[in-house]
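Undergrad: Quick note: the sequence shown uses UniProt numbering, first residue 1, plus one each step.
Every residue, glycine too, gets a C-beta built ideally from N, C-alpha and C.
None of these values were measured; they are calculated from a predicted model.
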Amino acid sequence: MTHTPSVPEALRPGDLADLPGRIVKTLDYAETVGAATSAFSVLDREGAVAAAERIAQGDHSSATEQPLLGVAVTVKDSLHVPGLPRWHGSATHPGEISTTKSVPVRRLEEAGAIIVGKTAMPDYGLLGAGVSSQYGIIRNPWDLSKNPGGSSSGAGVCVAAGVTPLSIGTDIAGSVRLPAAACGISALKPTQGSLGYAPASTWRSAGPMARTIAEVRALYRVVAGPHVEDQLSLSTDPIESAVDLPLQGLRAGVIEYPGYGIGMDDETGRLFEQTLATLSSLGVELTRIDPGLRDEDFAALDRCLMARCLSELATCEEEARDRLLPEIRRWVEPGRSFSSETYYTDFEHLSATASRLATIYDEFDVIFSPVLGNHQFAAEDFAPDTSQALLYHTSYTLWYNQTGQPAVSMPMGLSTEGNPVALQIAAPRFRDYTLLNVAEAVERVLDLGLSYPDLSSR
Numbered sequence: 001m002t003h004t005p006s007v008p009e010a011l012r013p014g015d016l017a018d019l020p021g022r023i024v025k026t027l028d029y030a031e032t033v034g035a036a037t038s039a040f041s042v043l044d045r046e047g048a049v050a051a052a053e054r055i056a057q058g059d060h061s062s063a064t065e066q067p068l069l070g071v072a073v074t075v076k077d078s079l080h081v082p083g084l085p086r087w088h089g090s091a092t093h094p095g096e097i098s099t100t101k102s103v104p105v106r107r108l109e110e111a112g113a114i115i116v117g118k119t120a121m122p123d124y125g126l127l128g129a130g131v132s133s134q135y136g137i138i139r140n141p142w143d144l145s146k147n148p149g150g151s152s153s154g155a156g157v158c159v160a161a162g163v164t165p166l167s168i169g170t171d172i173a174g175s176v177r178l179p180a181a182a183c184g185i186s187a188l189k190p191t192q193g194s195l196g197y198a199p200a201s202t203w204r205s206a207g208p209m210a211r212t213i214a215e216v217r218a219l220y221r222v223v224a225g226p227h228v229e230d231q232l233s234l235s236t237d238p239i240e241s242a243v244d245l246p247l248q249g250l251r252a253g254v255i256e257y258p259g260y261g262i263g264m265d266d267e268t269g270r271l272f273e274q275t276l277a278t279l280s281s282l283g284v285e286l287t288r289i290d291p292g293l294r295d296e297d298f299a300a301l302d303r304c305l306m307a308r309c310l311s312e313l314a315t316c317e318e319e320a321r322d323r324l325l326p327e328i329r330r331w332v333e334p335g336r337s338f339s340s341e342t343y344y345t346d347f348e349h350l351s352a353t354a355s356r357l358a359t360i361y362d363e364f365d366v367i368f369s370p371v372l373g374n375h376q377f378a379a380e381d382f383a384p385d386t387s388q389a390l391l392y393h394t395s396y397t398l399w400y401n402q403t404g405q406p407a408v409s410m411p412m413g414l415s416t417e418g419n420p421v422a423l424q425i426a427a428p429r430f431r432d433y434t435l436l437n438v439a440e441a442v443e444r445v446l447d448l449g450l451s452y453p454d455l456s457s458r
């Protein structure tokens, strides 16, 4: 397993003279996919075609400095793209036109990528599902009656349906990994701080999404690195600490159940155990571990998310606040009674829990788990179990946002009904490229050869 810096062949745009026409076709298909799935917040036909024409007419003798030259990409609605509206997934916002440029957007453009549009998401990114007061129900291209996951919902749909090969999402509790899992693609939540993204956050990170690990790596290389706007971003490149870890002798912790949340359904359990058996036969040393998480740990995080929601809601015009998705409005209401002491106590509880988990996980090269216990649920639902809190089903993913560790979501097979089921692999902090090396080795071993959905005939 070696780190390969070159851009995968699938990301090479071909004859640049034909680029404007191909971008038009991409946008035409995006409109078709959008009509079927509500995957896009906005498409930038004028800007994307103009960018393609500039590239087609330019001198690209130094194109090696632009590794994504001419590649069509999308970014999540939470990011700022100058000239395009931003709703942050919610009808409580007026869709103000952005005048600033998010760091990942800037780096995509510097790499020569063409941003063809922004992808839909749930209100404020607070659901692990594709339901939004602004966009309605976002649907999974594998089965339009199913959920695409969230909160980078449209990004997962966009890549799975083949609109663009790459998309940038964001992740605060699993928001690139959950839609990647539901849509049968791959995604990386990087080491916290390894990808500059303002405003700075100890929880949230931007993350690359693509069909293959090689493509995820190529996108990560473009957008990773510190930035002055993010005072928590790292001054070192995780590539410096990348090592080659053969599967033979790889020390892997295995999480079957985190201690709370929704455990594995039959289909997830079957494919997870099948994957582990395959890896064990290749010499991976598997150790079952219990993270010891409990409902009270989640409750502390849930209250902190309520505070975050109320803070954003307070910035909205008073008459617009009732437009917040009803499920989120009901969930957040108890948060109005929490004191500042409660919030600080919860914040300290999360920090202590993260330290405990990081100590357990540090004994291993990687940690294997499913991404979701219940691999699929209805498109119109905000979670597999709507009697629980909004993000209760994210128990396998959200704690890596607290520990700051990198974690990958990747397909491990299809259910008997043909829906994707995903594996999560995590590694110690600063081992992002080591993690991607391991994930690519697992990808080769599983050799799924998925046939992705094509919605062009709809």
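Where Leu279 and Ala426 are concerned, what is the direct C-alpha to C-alpha distance, given to the nearest angstrom?
TA: As a working mapping, residue 279 is identified with position 279 in the sequence shown. As a working mapping, residue 426 is identified with position 426 in the sequence shown. Each residue's Cα considered, the two are about 15 Å apart.
Undergrad: Enumerated in chain order, which unbroken segments of the beta strand (DSSP E) with a length of 3 residues or greater are wholly contained in the stretch 166 to 215?
TA: Correct list: 166 to 171, 186 to 189, 205 to 210.
Undergrad: So for Lys101, helix, strand or coil by DSSP?
TA: Translated into positions along the sequence shown, residue 101 becomes position 101. Correct three-state label for Lys101: coil.
Undergrad: Tell me the DSSP bridge mates of Arg288?
TA: For the purposes of this step, residue 288 is taken as residue 288 along the sequence shown, with counting starting at 1. According to DSSP, which records beta bridges pairwise, Arg288 is partnered with Val254.
Undergrad: Considering only DSSP beta bridges, list what Arg86 is partnered with.
TA: Here the question's residue 86 lines up with position 86 in the sequence shown. For Arg86, which the question treats as bridged, DSSP gives the partners Glu96.
Undergrad: Which whole-angstrom value is the C-beta distance of Ile360 and Pro291, which I expect to be below 8 Å?
TA: Within the sequence shown, residue 360 is the residue found at index 360, counting from 1. Within the sequence shown, residue 291 is the residue found at index 291, counting from 1. Right, their Cβ atoms sit about 7 Å apart.
Undergrad: Using a 10 Å radius around the Cβ and a threshold of 16 neighbouring Cβ atoms, would you call Val228 buried or exposed?
TA: For this step, residue 228 is matched to residue 228 along the sequence shown. Exposed, because fewer than 16 other Cβ atoms sit within 10 Å of the Cβ of Val228.
Undergrad: Using a 10 Å radius around the Cβ and a threshold of 16 neighbouring Cβ atoms, would you call Thr92 buried or exposed?
TA: For the purposes of this step, residue 92 is identified with residue 92 of the sequence shown, where counting begins at 1. Thr92 is buried by the Cβ-count criterion.
Undergrad: Just the C-alpha distance for Ile138 and Val408, rounded to the nearest angstrom, thanks.
TA: The residue you call residue 138 lines up with position 138 of the sequence shown. The residue you call residue 408 lines up with position 408 of the sequence shown. Looking at the two C-alpha atoms, the distance is approximately 23 Å.
Undergrad: Is any heavy atom of the ligand SAH found at a distance shorter than 8 Å from the C-beta of Arg45?
TA: The ligand SAH is absent from the structure shown, which contains no ligand whatsoever.
Undergrad: Would Tyr124 pass as a contact of Glu312 if the rule is Cβ separation under 9 Å?
TA: Translated into the one-based positions of the sequence shown, residue 124 becomes position 124. Translated into the one-based positions of the sequence shown, residue 312 becomes position 312. Contact: yes.
Undergrad: Per the DSSP calculation, Gly413 is bridged to which residue(s)?
TA: Against the sequence shown, residue 413 aligns to sequence position 413. Answer is Val421, bridged to Gly413.
Undergrad: Rounded to whole angstroms, what's the CA-CA distance from Gly128 to Leu423? Just pull it up for me.
TA: On the sequence shown, residue 128 is found 128 positions in, with the first residue counted as 1. On the sequence shown, residue 423 is found 423 positions in, with the first residue counted as 1. About 17 Å.
Undergrad: Do you know how far the Cα of Leu219 is from the Cα of Pro5?
TA: Sequence index remark: in the sequence shown, residue 5 carries index 5 (1-based). Sequence index remark: in the sequence shown, residue 219 carries index 219 (1-based). Bear in mind that the predicted position of Pro5 carries a pLDDT of just 47, short of 50, making it unreliable; the figure below should be weighed with that in mind. Between Pro5 and Leu219, the C-alpha separation is close to 11 Å.
Undergrad: Take Ser324 and list the residues in its own chain whose beta-carbon comes closer than 7 Å to its own, dropping the five residues that flank it on each side.
TA: For this step, residue 324 is matched to residue 324 along the sequence shown. According to the sequence shown, residue 324 is Leu rather than Ser. Within the same chain, Leu324 has close Cβ partners Ser90, Thr92, Asp123, Ser133, Leu313.
Undergrad: Kindly indicate which three-state DSSP category Ser233 falls into: helix, strand or coil?
TA: Residue numbering aside, residue 233 sits at position 233 when the sequence shown is read from its first letter. Coil, per DSSP.
Undergrad: What distance in whole Å lies between the Cβ atoms of Arg177 and Val371, which are believed to be in contact at a cut-off of 8 Å?
TA: Here residue 371 refers to the residue found at position 371 when the sequence shown is read from its first residue. Here residue 177 refers to the residue found at position 177 when the sequence shown is read from its first residue. Confirmed, Cβ separation roughly 5 Å.
Undergrad: For residue 472, which residues in the same chain have their Cβ closer than 6 Å to its Cβ, ignoring the five residues on either side in sequence?
TA: There is simply no residue 472 to check, as the chain begins at 1 and stops at 458 in what is shown.
Undergrad: May I have the straight-line CA-CA distance separating Met1 from Leu436, to the nearest angstrom?
TA: Taking the sequence shown and counting its residues from 1, one reaches residue 1 at position 1. Taking the sequence shown and counting its residues from 1, one reaches residue 436 at position 436. Because the pLDDT of Met1 is 38, which lies under 50, any placement of that residue in the model is unreliable, and the question is left without a value.
Undergrad: Based on Cα-Cα distance, which residue from Val24, Ala36, Ser38 lies nearest to residue 478?
TA: There is simply no residue 478 to check, as the chain begins at 1 and stops at 458 in what is shown.
Undergrad: Tell me whether Tyr344 is buried or exposed, calling it buried when 16 or more other Cβ atoms sit within 10 Å of its Cβ.
TA: Counting from one through the sequence shown, the residue named residue 344 turns up at place 344. So Tyr344 ends up on the exposed side.
Undergrad: Mind checking Ile185: buried by the 16 CB within 10 Å criterion, or exposed?
TA: As a first step, residue 185 must be located in the sequence shown, where it is residue number 185. Its Cβ being crowded by 16 or more others within 10 Å, Ile185 is buried.
Undergrad: Please check the pair Ala182 and Pro420, which I expect to be a contact at CB under 8 Å, by giving their CB distance rounded to whole angstroms.
TA: Along the sequence shown, read from residue 1 onward, the residue named residue 182 stands at position 182. Along the sequence shown, read from residue 1 onward, the residue named residue 420 stands at position 420. Between Pro420 and Ala182 the Cβ distance is about 7 Å, and since that is below 8 Å, they are a contact.
Undergrad: Rounded to whole angstroms, how far is the Cβ of Pro406 from the Cβ of Arg431, which I believe are closer than 8 Å?
TA: Residue 406 sits at position 406 when you count from the first residue of the sequence shown. Residue 431 sits at position 431 when you count from the first residue of the sequence shown. Yes, Pro406 and Arg431 are in contact; Cβ-Cβ is about 7 Å, under 8 Å.
Undergrad: When you compare only the Cα positions, how much space is there between Arg303 and Arg54?
TA: Taking the first residue of the sequence shown as 1, we reach residue 303 at position 303. Taking the first residue of the sequence shown as 1, we reach residue 54 at position 54. So the alpha carbons of these two residues sit roughly 49 Å apart.
Undergrad: Among Asp266, Ser194, Glu296, which residue has its Cα nearest to the Cα of Ser235?
TA: Indexing the sequence shown from 1 puts residue 235 at position 235. It is Ser194.
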